[in-house]
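Report on the structure given below.
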Amino acid sequence: MSVRTIIIDDERLARNELRKLLQEFSEIEIIDEASNVDEGIEKIEQHSPDLIFLDIQMPGKTGFDLLEALDRAPKVVFTTAFDEYALKAFEVNALDYLLKPIEPRRLSDAVQKLSLEAFKENGGGAFSTLARANALLTENDQVFVKDGDRCWFVKLNEIRLFESVGNYAKVFFSTNKPLILKSLNALEDRLDDKVFFRANRKHIINMRWIEKIEPYFNGGLLLELKGGEKIEVSRRQTVKFKEMMSL
Amino acid sequence: MKGTISKYWLCQIGGWSTYIIVYTFFYLTLRTKEQPFFFQVLFLDAIIGIAITHLMRFFIQKMGLLKLRLDYQIVYIFLTTIGFSFLFAFNSIFIEDLLQFTSEQFKQYSTLNKTLRASFGCFLFLLIWNLIYFMYHNIEKNRQEQIDKIRLEGLVKELELKTIKSHINPHFIFNALNSIRALVDENPGRARQAITELSNILRSSMQAEKLETAPLKRELDIVKDYLALEHIRFEDRLKVEYDIDEDTLDMPVPPMMLQTLVENAIKHGISHRVSGGTIKITSDFIDDRHELSVENTGYLNGNYNPEGFGLYSTQNRLMLLYGEKAHFEIKNKENNMVVATVTMPVTIF
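Taken in order, these protein sequences are the chains called Z and R.
Take the position in the first sequence, starting the count at 1, then add 67; the result is the number in my numbering.
Take the position in the second sequence, starting the count at 1, then add 375; the result is the number in my numbering.
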């Protein structure tokens, strides 16, 4: 029962300091560290950590850039010295963050909160320690989405729909629909096809969010989602859809 | 000003109405014998008076008499008044003659004679008119100047306050404290030294508000402390070079200006680069000017913001201190370097 953790910060001393503070928490196992965004992405893809401590201001790219580049965002605790812009983003989105120099009590709160979340998700077990770098994204996985000043960690089961817009995909969840820089085909490959269904060339829908199914022209179907979006299922995909539903 | 009457016309109408009323009053109470055409002449004079004074106002404005020094103004008021008195008198006599208003008693005199006689009375009226006019404008000008001065002072204060507040970037302070905390175990000696450096910087930034200029040596000491702290943070990523002409160390410079430039160089130059870079500080006499420059590895792309606080405040402070004699610029140099240069006059005032 350990939380596999990577520390990402451009300052060696800051990483050392955090490492030392984390020694107090036996459940945290620091498996690696990185000193910039590219190195961080590489290490995350290599180890699939459960948790990262992430500095915002790093040379060249920010911590937000790192998260946007990941398919699946691990649990994240942001660390920053003082950055008005970032602090605003945190307040708006209630993301977990620690101000450097880090207060041990706040760190302890953050770690506790994480354990609690893990407890809820995995029904008693702590974090799964399964290496799953290339595994499919499950419903409980979260993705990081940023749209201008606002950013979110979104659980896949909250997403109703992906819509293709050029090179981007528009992500529908709650009342928001920000854009992410990913193609629909790439998304389809990573998503669990029992939950996410490619309705046509432009849309991937979450089957759990379907409200109504109606017949449509040409032997196709028209699906209405719980958010009110109406999506047409192409004739070819209708066959596949019926097959899945008849199971 | 549509719908309302301007102050000027209010005074004109009020003044000349008073003139008519006063004359009528004396005429009705004190007259010894009836004057033919008294009221016609009185009204005619008031109307000519308005026309002449309006023309005089146009003349005063055209010549810019109000902008002259006060003693010149007095001379010019006098001359203008004399000139326009003749014009006033001549016009009023001429029109009266034309309209046959002239009393029998005066018909024997020539127009010139009558004009000269009337001029004296006109002179008094126009003098009063001009005194009021100039007094009003001078008082108004004075008041406006005072308002401007107060506004300017307020602006300067506000600017100073903003500059001081932004002298030391909070991001830097907290990062430095974080590094020092890590150093306490790793290298206690260096940690102690770092605390001294940080104290020096904080103290200097608090003192800066009291000074208009500070010797370069003092500013350089702060920057050295600052860069020593940043070196703890960046380690091998930061290299620092100095090229300082010893003679420039006593030169006065705006306090914390060099610090602001170095901070900018770190923030926009070094901290963005994974491999870091070099900062070079140069101070030298070029011709009869003192040139201070900060170079850093990096590239100035088009979207930097000249209104951004660091550069904006630097430019402003130089302007307040030296006026047009100082110069500030930031540009790309060869070898992937950005250089910010401040040029100041060697002798102030």
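Beta carbons are placed, not taken as given, at the ideal position from N, Cα and C, and that holds for glycine.
- Residue nearest to R:I654 within the set R:R648, R:H643, R:E670, R:H647 is R:E670 (criterion: CA-CA distance).
- The segment 188–263 of chain Z contains, as complete alpha helix (DSSP H) runs of 4+ residues, the segments 251–257 (chain order).
- Residue state for R:M510 is assigned as helix, using DSSP reduced to three classes.
- When DSSP assignments are scanned along the segment 634–664 of chain R, the uninterrupted stretches of beta strand (DSSP E) that are 3 or more residues long and fall wholly within it turn out to be 652–661.
- Those residues of the segment 68–83 of chain Z placed with their C-beta closer than 9 Å to a C-beta in chain R are D77, E78, R79, L80, A81, R82, N83, ordered along the chain.
- At a beta-carbon threshold of 7 Å, none of the residues of chain Z lie near R:S688; the nearest stands roughly 18 Å away.
- In its chain, beyond the 5 residues on either side, I427, C497 have a beta carbon closer than 6 Å to the beta carbon of R:F463.
- For Z:K167, the residues of chain R that pass the 7 Å Cβ criterion are F549, N550, N553, in the order they occur in the chain.
- Its chain contains E572, N575, I576 as the residues whose beta carbon lies nearer than 7 Å to that of R:D600, once the 5 sequence neighbours on both sides are disregarded; these appear in chain order.
- Spanning the alpha carbons of R:Y402 and R:D523 requires a straight line of approximately 49 Å.
- As computed with DSSP, R:P627 is found in a beta bridge with R:P590.
- DSSP places R:L443 in the coil class of the three-state scheme, outside both helix and strand.
- Here Z:D99 carries a strand assignment [DSSP, helix/strand/coil].
- Look at Z:G107: its C-beta is not under 8 Å from any C-beta on chain R.
- Considering only R:M626, R:L595, R:F461, R:I457, the residue with the shortest C-alpha distance to R:N488 is R:F461.
- If you compare the alpha carbons of R:Q410, R:E587, R:L675, R:N517 with that of R:L696, the shortest gap goes to R:E587.
- In chain order, L613, V615 place their CB closer than 8 Å to the CB of R:H606, counting only its own chain and leaving out the 5 sequence neighbours on each side.
- The beta-carbon of Z:D216 is placed no less than 8 Å from the nearest beta-carbon of chain R.
- In terms of Cβ geometry, R:G651 and R:F703 do not form a close pair [threshold 8 Å].
- Ranked by Cα distance from R:T490, the options R:Y511, R:N513, R:F459, R:W504 are led by R:F459.
- A straight line joining the alpha-carbon of Z:M274 with that of Z:N285 spans about 22 Å.
- Where Z:E296 is concerned, there is no enclosing beta strand (DSSP E), because DSSP gives it neither an H nor an E.
- CA-CA distance, Z:Y164 to Z:I95, rounds to 17 Å.
- Closest in alpha carbon position to Z:I74, among Z:R265, Z:N103, Z:R227, Z:L137, is Z:N103.
- R:L558 reaches chain Z at L80, counting residues in chain order whose Cβ is nearer than 7 Å.
- The beta carbon of R:F434 is closer than 6 Å to none in its chain, skipping five residues each way along the sequence.
- In the DSSP assignment, R:D611 falls outside any beta strand (DSSP E) and carries neither an H nor an E.
- In the structure shown, the three-state DSSP call for R:S668 is strand.
- Chain order gives the chain Z residues near R:H647 as P126, G127, where near means a beta carbon separation below 7 Å.
- Here the segment 223–234 of chain Z makes contact with the segment 242–262 of chain Z; the two share three or more CB pairs at distances below 8 Å.
- For Z:A153, no chain R residue has a C-beta closer than 8 Å to its own C-beta; the minimum C-beta separation is roughly 10 Å.
- Boundaries of the alpha helix (DSSP H) harbouring R:V559: 545–561, taken from the DSSP string.
- Boundaries for Z:F149: no beta strand (DSSP E) harbours it, and the DSSP string shows neither H nor E there.
- Taking each of Z:D256, Z:E112, Z:K213 in turn and checking the Cα distance to Z:K237, the smallest one comes out for Z:K213.
- Contact check for Z:A153 against Z:I108 fails: the beta carbons are separated by 8 Å or more.
- R:M712 is bridged by DSSP to R:T672, R:K708.
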